[in-house]
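Residue numbers for the sequence shown follow the numbering used here, so the first one is 495 and each next one is one higher. Don't be surprised by glycine CBs; every beta carbon is placed ideally from N, CA and C. Working notes, structure below.
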Amino acid sequence: MKGSHLGGGLQVDPKSAGRIAELEQRLSEYRDKYYAGAPVVSDAVYDALEDELRLLDPLHPLLARIGSPVVSDGWEKARHQIPMGSLNKVTDESQLREWQQRCDQLLVKDGRPSLRDDLYVAEKLDGISVELIYQDGRFVDGITRGDGEIGERITANVARMQGVPPRIGHQGQLSARGEIILRLSDMRRFFPDYSSPRNAAAGTARRLDGQGNEHLTVLCYDLAEELDIESEVEKFALLRQLGFATPNSYHGDFQAVLDVYQDYESAQRADLDYEIDGLVVRANPLAVQAVLGDVNRRPRGAVAFKFASPSKVSRVLGIRWDVGSSGRVTPIAIVEPVELVGATVRRASLHNMAHVRQLGIGVGDEVLVSRRNDVIPYIEEVVDKVGDPAEPPTRCSVCDADLQIE
495 MKGSHLGGGL
505 QVDPKSAGRI
515 AELEQRLSEY
525 RDKYYAGAPV
535 VSDAVYDALE
545 DELRLLDPLH
555 PLLARIGSPV
565 VSDGWEKARH
575 QIPMGSLNKV
585 TDESQLREWQ
595 QRCDQLLVKD
605 GRPSLRDDLY
615 VAEKLDGISV
625 ELIYQDGRFV
635 DGITRGDGEI
645 GERITANVAR
655 MQGVPPRIGH
665 QGQLSARGEI
675 ILRLSDMRRF
685 FPDYSSPRNA
695 AAGTARRLDG
705 QGNEHLTVLC
715 YDLAEELDIE
725 SEVEKFALLR
735 QLGFATPNSY
745 HGDFQAVLDV
755 YQDYESAQRA
765 DLDYEIDGLV
775 VRANPLAVQA
785 VLGDVNRRPR
795 GAVAFKFASP
805 SKVSRVLGIR
815 WDVGSSGRVT
825 PIAIVEPVEL
835 VGATVRRASL
845 HNMAHVRQLG
855 IGVGDEVLVS
865 RRNDVIPYIE
875 EVVDKVGDPA
885 EPPTRCSVCD
895 ADLQIE
């Protein structure tokens with residue numbers, strides 16, 4: 495079959511080429527909306543579509559893109575002195591181990607030991623990335639991530655946020671990297687009409703009148719300057735010593751990372767007063783990070799270990815109403831086959847009629863399919879509405895009795 499040639503000479507068939515073009519268009523739109531503080535799909539949907547693009551075209555340039563271009567709306571544009579990059583992601587232990595082994599292959603060539611015994615973990619905050627610049631101990635600039643090279647100078651707003659010391663004990667220039675977040679307690683109190691703390695933080699941080707920024711918080715996790723420190727442990731200690739607020743962080747070996755991840759999955763995440771969507775795992779020694787380097791502004795020596803359940807986008811082919819032994823009728827979505835956690839999923843539970851109505855799901859709709867606890871296929875949300883909403887049957891398909899909705 496004659497094919498098309500995309501990123502890096504990869505040959506694909508015309509059908510896949512069409513899907514790649516569609517994914518590029520949609521992901522670009524979703525990304526721009528996300529960084530503008532007005533997301534139109536969930537993180538799970540975006541990640542699933544990005545994973546599909548990576549599978550179809552691993553070298554697609556969109557996968558290497560950082561952030562989103564800055565759209566002028568009253569804020570001055572500013573260039574980062576050191577570009578703000580991004581992180582590659584993993585979603586399970588096997589992928590994390592593969593990352594560690596890839597790093598070790600590079601380290602052994604440099605005569606260094608495995609990084610598995612010396613790792614540093616911090617919460618991956620679901621906020622707005624920002625650079626804080628200090629000159630001779632005084633806060634002088636606050637710049638959003640933007641596209642990683644150029645962001646928006648929102649200094650006046652950042653100066654009003656919690657966790658940003660107006661002065662620090664450091665001479666010369668110092669650049670700290672962090673995330674602007676809205677604590678859940680502050681959202682309930684001051685921003686009850688917003689759908690999520692990230693949306694509220696994004697909109698408030700870019701307000702020209704500065705209103706509400708005193709309710710936002712910056713948590714810092716990195717320093718861009720060459721300083722007299724040798725590890726992530728020392729870096730976080732210095733951040734706290736200088737007066738910056740930081741996310742919770744931990745130092746340990748590979749097994750300790752897994753234990754921390756499990757603790758967050760089972761309980762600790764739910765107890766936080768802010769949202770996180772994973773953990774950031776780094777080589778603890780800064781010298782090791784330097785040896786590993788980066789690719790497309792994504793460091794090899796760090797990775798985002800995300801919490802999201804495995805999920806993929808599929809399409810509804812039909813809706814079936816199964817009758818159980820108790821007489822209860824359960825709606826089942828028949829979907830285009832997708833591979834999830836080593837299994838081919840062709841059917842997914844819609845739970846009950848209330849969930850069907852909440853989703854407004856119908857035949858032809860594009861949906862996000864997950865396997866909850868890696869076992870039960872489930873329709874999480876409708877990504878693209880195409881068909882008419884499904885209606886329940888009025889009579890039982892087994893005994894022909896009238897059905898009642900409870």
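Opposing strand residues paired with residue i [DSSP bridges]
| i | result |
| --- | --- |
| A796 | R776 |
| D635 | I627 |
| E874 | E874 pairs with nothing; no bridge assigned. |
| V789 | R792 |
| G737 | Per DSSP, none; premise fails for G737. |
| S669 | I627 |
| E523 | Its beta-bridge partners do not exist; DSSP assigns none. |
Span separating the alpha-carbon of residue i from that of residue j
| i | j | result |
| --- | --- | --- |
| V861 | G642 | 31 Å |
| K496 | D551 | With a pLDDT of only 37 at K496, under the threshold of 50, the placement of this residue in the model should not be trusted, and no figure is reported. |
| G579 | D788 | 9 Å |
| A680 | K729 | A small fix is needed here, since residue 680 is Asp in this sequence, not Ala. Approximately 29 Å between the Cα atoms of the pair. |
| S725 | V810 | 50 Å |
| A515 | E546 | 12 Å |
| A796 | Y755 | 15 Å |
| L844 | F799 | 29 Å |
| D767 | Y758 | 13 Å |
| E646 | D635 | 10 Å |
| G858 | K879 | 8 Å |
| A542 | G631 | 43 Å |
| C714 | V751 | 21 Å |
| Y872 | A761 | 23 Å |
| Y575 | K583 | In the sequence as displayed, the identity of residue 575 is Gln instead of Tyr. Distance between the alpha carbons of Q575 and K583 is about 25 Å. |
| D771 | Y529 | 16 Å |
| Q665 | R513 | 53 Å |
| L717 | L626 | 9 Å |
| R683 | L721 | 40 Å |
| Q595 | H554 | 24 Å |
| P577 | T638 | 11 Å |
| A837 | P831 | 10 Å |
| H849 | L581 | 35 Å |
| E719 | Y628 | 11 Å |
| L732 | N742 | 14 Å |
| E875 | L601 | 43 Å |
Secondary structure of residue i, DSSP reduced to three states
| i | result |
| --- | --- |
| K571 | strand |
| V829 | strand |
| Y744 | strand |
| E860 | strand |
| I855 | coil |
| E885 | coil |
| I723 | coil |
| V817 | strand |
| C714 | strand |
| C893 | coil |
| Q705 | coil |
| Y614 | strand |
| V658 | coil |
| R865 | strand |
| A837 | strand |
| A532 | coil |
| V751 | helix |
Close beta carbons around residue i, own chain, < 6 Å, minus the five adjacent residues each side
| i | result |
| --- | --- |
| P886 | M847 |
| P660 | F633 |
| V712 | M655, G657, V658, G672 and I674 |
| P533 | K527 |
| F688 | The sequence as given places Tyr at residue 688; Phe does not occur at that position. A694, listed in sequence order. |
| D537 | none |
Member of the options whose CA lies at the smallest distance from the CA of residue i
| i | options | result |
| --- | --- | --- |
| C597 | S808, R794 and V877 | R794 |
| D703 | A650, P533, V774 and A731 | A650 |
| A739 | D765, A718, L710 and A761 | L710 |
| E617 | A798, S843, L773 and P825 | L773 |
| S690 | R701, R677 and R700 | R677 |
| S864 | A884, G881, D882 and L834 | L834 |
| Q852 | R822, P883 and V839 | P883 |
| R606 | H554, A784, L590 and P555 | A784 |
| G663 | L736, E874, S743 and L600 | L736 |
| L517 | G812, R840 and V807 | V807 |
| Y540 | R559, A653 and R520 | R520 |
| G812 | R841, A511, N790 and R734 | R841 |
Same chain, Cβ closer than 7 Å to residue i, five either side skipped, listed in chain order
| i | result |
| --- | --- |
| G621 | E673, I674, I675, R692 and A695 |
| V727 | Y614, H745 and N778 |
| T698 | G706, N707 and L710 |
| E587 | L752 |
| W593 | V584 and V797 |
| R814 | I826 and I828 |
CB contact below 8 Å: residue i versus chain D
| i | result |
| --- | --- |
| L581 | Among the chains of the structure shown, chain D does not appear; only one protein chain is present. |
Close Cβ partners of residue i (< 8 Å) along its chain, the five nearest in sequence each way excluded
| i | result |
| --- | --- |
| G568 | L702 |
| R763 | I770 and F801 |
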